[in-house]
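S.K.: Under the working numbering, the first residue of the sequence shown is numbered 2, with each subsequent residue one higher.
Cβ coordinates follow ideal geometry from the N, Cα and C atoms, glycine included.
From a predicted model like this one, the values you see are computed outputs, not experimental measurements.
Mind looking over this structure? Questions follow.
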Amino acid sequence: MPSEDYSSDARIGSYRQQESRFAGSSSHDWKAGVQARSTAPIGAPKKPSSGGLAGIIAGESSICTVALGSGLNYRGYNVVDLAREATFEEVVHLLLMGELPTQEQLTALKQKLCDARQLPPQVLAVLKLIPKEAHPMDVLRTTCSVLGTLEPETAPSVQQVEIALRLIGGFAGALNYWYHFSNSGKEISLQSNPEDSVAVNFLKLLHGDPEFKPHPVVAKTLDTSLILYAEHDFNASTFACRVTAGTRSDLYSCICSGIGTLKGPLHGGANEAALEMLMPLRSVDKAKRRLEEAFSRRELVMGFGHRMYKNGDPRAPLMRGLAEALAKAKLPHSDPIMVQVGAFMEEEMLKRKKMHPNVDFSAAIAYKQCGVPMAFFTPLFAIARTAGWAAHVFEQRAVNRLIRPASLYVGPAPRPYLPRERRVPSAKL
2 MPSEDYSSDA RIGSYRQQES RFAGSSSHDW KAGVQARSTA PIGAPKKPSS GGLAGIIAGE
62 SSICTVALGS GLNYRGYNVV DLAREATFEE VVHLLLMGEL PTQEQLTALK QKLCDARQLP
122 PQVLAVLKLI PKEAHPMDVL RTTCSVLGTL EPETAPSVQQ VEIALRLIGG FAGALNYWYH
182 FSNSGKEISL QSNPEDSVAV NFLKLLHGDP EFKPHPVVAK TLDTSLILYA EHDFNASTFA
242 CRVTAGTRSD LYSCICSGIG TLKGPLHGGA NEAALEMLMP LRSVDKAKRR LEEAFSRREL
302 VMGFGHRMYK NGDPRAPLMR GLAEALAKAK LPHSDPIMVQ VGAFMEEEML KRKKMHPNVD
362 FSAAIAYKQC GVPMAFFTPL FAIARTAGWA AHVFEQRAVN RLIRPASLYV GPAPRPYLPR
422 ERRVPSAKL
């Protein structure tokens, strides 16, 4: 069987012939030849128009549209409507199964999520070994890997939905079990009620009390954020999941790819960075000075602008409204000053820089008022996005083809091998 990097032996021969043409030529000629090859009609790679594959269509999907028409849609449903009317559990069903659930289907899904919250003793034993200094995203990744060894995916067409629900339901327990044990030695109970939403269950686990009753505004805020973070087309972590799925790897490995990618600060962590910026700004005057400094130094202001939304992130107003509601509720973590400062910064950024806030800016203010530790912001994102990741894995599997793009070579021209005594010293390792 020929290599999957090429379509036929003839294609390999064609490449070898072109390489021989450039042997012995100058670096300029070599690079010019590579550029010529990149536009050849035999299907060789074309140079991307910009870095990061921006604007490159990498595949087809029926799951999500971003920045088209009404802004953001999940399987045809506007995300604003879903956030206002649906629950995260309904959105999980929509993403995984393609349609919103009936009441009977929703009840069954909630029961499966409840069952998934109980973790095997082997997982709990591993969680106890993870130091408190560990990154919480590493806790999720480790949980996913261990579950993959204990409950392997051997029949994807039968197991994939159950495994997705297992991870969506189990991640909150793993994260909070590690958090409490590593900080205080407390082993919290993972017992839950099928009527508890993913958001409510997370809050009960965070407080280490199965009888804890979160304030309705806090529960609604967390549930809405999960909906808004659940899916976003071919973002970096989702594409990583699809690349892994394209190799016919198991679902656990695909989700680990997503977690590892989301951990990177250029993808996840924007809401954490926004809160770090906001925390010391305890007045509008301080916020004004901070913006002036950023403008004069041409620094980025965290939480503003979005690669996909030039006219504003449609998710941001929803989270802003919830942040304002939390401030008015006068809860233990309510912070009307931060809400006021955030509103001022939004006005100034739009007026001075024509930049809109993204969902992460308001989510940071909202999460802080919900009492969620800042280190948990990105893991919450991951719990929500697991639904979207899994949906993309299912879709990739249904029409699978190995994802293997080409690169445009810009390295040295072909050169002869030199014995060690004739080599010039290079840069140190």
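For Ser190, which residues of its own chain have a beta-carbon under 7 Å away from its beta-carbon, when the five flanking residues on both sides are left out?
M.R.: Reading the sequence shown from its first residue, position 189 is the one you call residue 190. Contacts found: Pro211.
S.K.: If you run the structure through DSSP and keep just helix, strand and coil, what is Cys371?
M.R.: For the purposes of this step, residue 371 is identified with residue 370 of the sequence shown, where counting begins at 1. Coil at Cys371, not helix or strand.
S.K.: From which residue to which residue does the beta strand (DSSP E) around Leu128 run?
M.R.: If you number the sequence shown from 1, residue 128 lands on position 127. That residue, Leu128, is in no beta strand (DSSP E); its alpha helix (DSSP H) goes 122 to 130.
S.K.: So the alpha helix (DSSP H) Leu148 belongs to, where does it begin and stop?
M.R.: In the sequence shown, the residue the question calls residue 148 occupies position 147. That run of the alpha helix (DSSP H) goes 137 to 151.
S.K.: With DSSP as the reference, please indicate the residues paired to Leu69 in a beta bridge.
M.R.: The residue you call residue 69 lines up with position 68 of the sequence shown. In the DSSP output, where bridge partners are listed per residue, Leu69 has Gly72.
S.K.: How should Leu166 be labelled, buried or exposed, when 16 other C-beta atoms within 10 angstroms of its C-beta is the threshold for buried?
M.R.: As a first step, residue 166 must be located in the sequence shown, where it is residue number 165. Buried, because 16 or more other Cβ atoms sit within 10 Å of the Cβ of Leu166.
S.K.: Taking the CB atoms as reference points, tell me whether Val218 and Ala326 lie closer together than 9 Å.
M.R.: Position 217 of the sequence shown, counting from 1, holds the residue named residue 218. Position 325 of the sequence shown, counting from 1, holds the residue named residue 326. Yes.
S.K.: Under a three-way DSSP split, which group does Tyr230 fall into?
M.R.: The residue you call residue 230 lines up with position 229 of the sequence shown. Looking at Tyr230 - three-state DSSP - the assignment turns out to be helix.
S.K.: Rounding to the nearest angstrom, what Cα-Cα distance links Glu294 and Ser363 in this structure?
M.R.: Translated into the one-based positions of the sequence shown, residue 294 becomes position 293. Translated into the one-based positions of the sequence shown, residue 363 becomes position 362. Looking at the two C-alpha atoms, the distance is approximately 22 Å.
S.K.: Closest by CA to Ala59, which one among Ser427, Arg402, Arg353, Arg421?
M.R.: For the purposes of this step, residue 59 is taken as the residue at position 58 of the sequence shown. Minimum Cα distance to Ala59 is reached at Arg402.
S.K.: If you count every other CB in all the chains shown that lies within 10 Å of the CB of Phe213, and 16 or more means buried, which is it?
M.R.: In the sequence shown, the residue the question calls residue 213 occupies position 212. Phe213 should be labelled exposed.
S.K.: Taking 6 Å as the limit between beta carbons, can you name the residues of its chain near Gln119, skipping five residues before and five after?
M.R.: Working through the sequence shown from its first residue, we reach residue 119 at position 118. So the list reads Leu191, once near-sequence residues are dropped.
S.K.: Check each candidate in Phe378, Leu95, Thr143 and name the one with the smallest Cα separation from Ile131.
M.R.: Against the sequence shown, residue 131 aligns to sequence position 130. Considering only alpha carbons, the answer is Thr143.
S.K.: Ordered along the chain, which non-local residues of its own chain (more than five positions away) have a Cβ less than 7 Å from that of Pro337?
M.R.: The residue given as residue 337 occupies position 336 in the sequence shown. Excluding residues within five positions, the ones whose Cβ falls inside 7 Å are Ala328.
S.K.: With C-beta atoms as the reference, is Cys115 less than 9 Å away from Pro195?
M.R.: Mapped onto the sequence shown, residue 115 falls at position 114. Mapped onto the sequence shown, residue 195 falls at position 194. Going by C-beta atoms, Cys115 is nearer than 9 Å to Pro195.
S.K.: Using CA atoms only, rank isn't needed, just tell me which of Leu206, Ser158, Gln370, Lys289 is closest to Leu332.
M.R.: In the sequence shown, residue 332 corresponds to position 331, counting from 1. Cα-wise, what sits closest to Leu332 is Gln370.
S.K.: Is it true that the CB of Pro380 sits closer than 9 Å to the CB of Phe182?
M.R.: Stepping through the sequence shown from its first residue, residue 182 is reached at position 181. Stepping through the sequence shown from its first residue, residue 380 is reached at position 379. Taking 9 Å as the Cβ cut-off, Phe182 and Pro380 do not qualify as a contacting pair.
S.K.: Where does Met320 land, buried or exposed, given buried means 16+ other C-beta within 10 angstroms?
M.R.: The residue labelled residue 320 in the question sits at position 319 within the sequence shown. Buried, by the Cβ-count rule.
S.K.: Note the first and the last residue of the continuous alpha helix (DSSP H) segment covering Asn312.
M.R.: Residue numbering aside, residue 312 sits at position 311 when the sequence shown is read from its first letter. That residue, Asn312, is in no alpha helix (DSSP H); it is neither H nor E in DSSP.
S.K.: For Met350, I'd like the list of residues in its chain whose CB is within less than 6 Å of its CB, leaving aside the five on either flank, ordered along the chain.
M.R.: What you label residue 350 is simply residue 349 of the sequence shown in a count that begins at 1. Result list for Met350: Phe305, Met356, in chain order.
S.K.: Exposed or buried, what is Met280 when buried is set at 16 or more other beta-carbons lying within 10 Å of its beta-carbon?
M.R.: If you number the sequence shown from 1, residue 280 lands on position 279. Result: exposed.
S.K.: Which word fits Pro315, buried or exposed, when buried means at least 16 other C-beta atoms lie within 10 angstroms of its C-beta?
M.R.: Position 314 of the sequence shown holds residue 315. Result: buried.
S.K.: For Leu206, which residues in the same chain have their Cβ closer than 7 Å to its Cβ, ignoring the five residues on either side in sequence?
M.R.: Here the question's residue 206 lines up with position 205 in the sequence shown. Excluding positions up to five away in sequence, the list reads Ala173, Gly174, Asn177, Ile189.
S.K.: Leu69 and Val93 - do their beta-carbons sit closer together than 9 Å?
M.R.: Numbered from its first residue, the sequence shown carries residue 93 at position 92. Numbered from its first residue, the sequence shown carries residue 69 at position 68. For Val93 and Leu69, no; Cβs fall outside 9 Å.
S.K.: Determine which residues share a DSSP beta bridge with Pro358 and list them.
M.R.: Taking the first residue of the sequence shown as position 1, residue 358 is located at position 357. Note: Pro358 sits in a beta bridge opposite Phe305.
S.K.: Within 10 angstroms of the Cβ of His136, are there 16 or more other Cβ atoms? Answer buried if so, exposed if not.
M.R.: The sequence position of residue 136 within the sequence shown is 135, counting from 1. Counting Cβ neighbours within 10 Å, His136 comes out exposed, since fewer than 16 surround it.
S.K.: Using DSSP with H/G/I as helix, E/B as strand and the rest coil, what is Asn1?
M.R.: What the structure shows of the chain is the stretch from 2 to 430, and residue 1 is not part of that stretch, so it cannot be assessed.
S.K.: I'd like the list of long-range same chain contacts for Val67, defined as Cβ closer than 7 Å, with 5 residues on each side in sequence excluded.
M.R.: Here residue 67 is taken as the residue at index 66 of the sequence shown, counted from 1. Excluding sequence neighbours, Val67 sits near Leu73, His233, Asp234, Met309.
S.K.: For a quick check, are the C-beta atoms of Tyr78 and Ile64 less than 9 Å apart?
M.R.: Your numbering for residue 78 matches position 77 in the sequence shown. Your numbering for residue 64 matches position 63 in the sequence shown. No; because the gap between Cβ atoms is not below 9 Å, this pair is not in contact.
S.K.: Is it right to say Thr150 is buried, meaning 16 or more other beta carbons lie within 10 angstroms of its own, or is it exposed?
M.R.: One-based indexing of the sequence shown puts residue 150 at position 149. Classification for Thr150: exposed.
S.K.: What span of residues does the alpha helix (DSSP H) with Gly261 cover, start to end?
M.R.: Translated into positions along the sequence shown, residue 261 becomes position 260. Where Gly261 is concerned, the enclosing alpha helix (DSSP H) stretches over 252 to 264.
S.K.: Going by alpha carbons, who is nearest to Gln160 out of Glu277, Ala407, Leu97?
M.R.: Numbered from 1 along the sequence shown, position 159 holds the residue referred to as residue 160. Answer by Cα proximity: Leu97.
S.K.: Apart from the five residues on each side of it in sequence, which residues of its chain come closer than 6 Å, Cβ to Cβ, to Ala385?
M.R.: Mapped onto the sequence shown, residue 385 falls at position 384. Result list for Ala385: Leu227, Tyr230, Ala231, in chain order.
S.K.: Please state whether the Cβ-Cβ distance between Phe378 and Leu276 is less than 9 Å.
M.R.: For the purposes of this step, residue 378 is identified with residue 377 of the sequence shown, where counting begins at 1. For the purposes of this step, residue 276 is identified with residue 275 of the sequence shown, where counting begins at 1. Closer than 9 Å, so yes.
S.K.: Based on the DSSP output, what are the partners of Tyr410 in its beta bridges?
M.R.: Translated into the one-based positions of the sequence shown, residue 410 becomes position 409. Per DSSP, none; premise fails for Tyr410.
S.K.: For Ala117, which residues from the same chain have a beta carbon less than 6 Å from its beta carbon, with the 5 sequence-adjacent residues on both sides left out?
M.R.: Numbered from 1 along the sequence shown, position 116 holds the residue referred to as residue 117. For Ala117, where only same-chain residues beyond five positions count, the Cβ hits under 6 Å are Leu166, Arg167, Gly170, Gly171.
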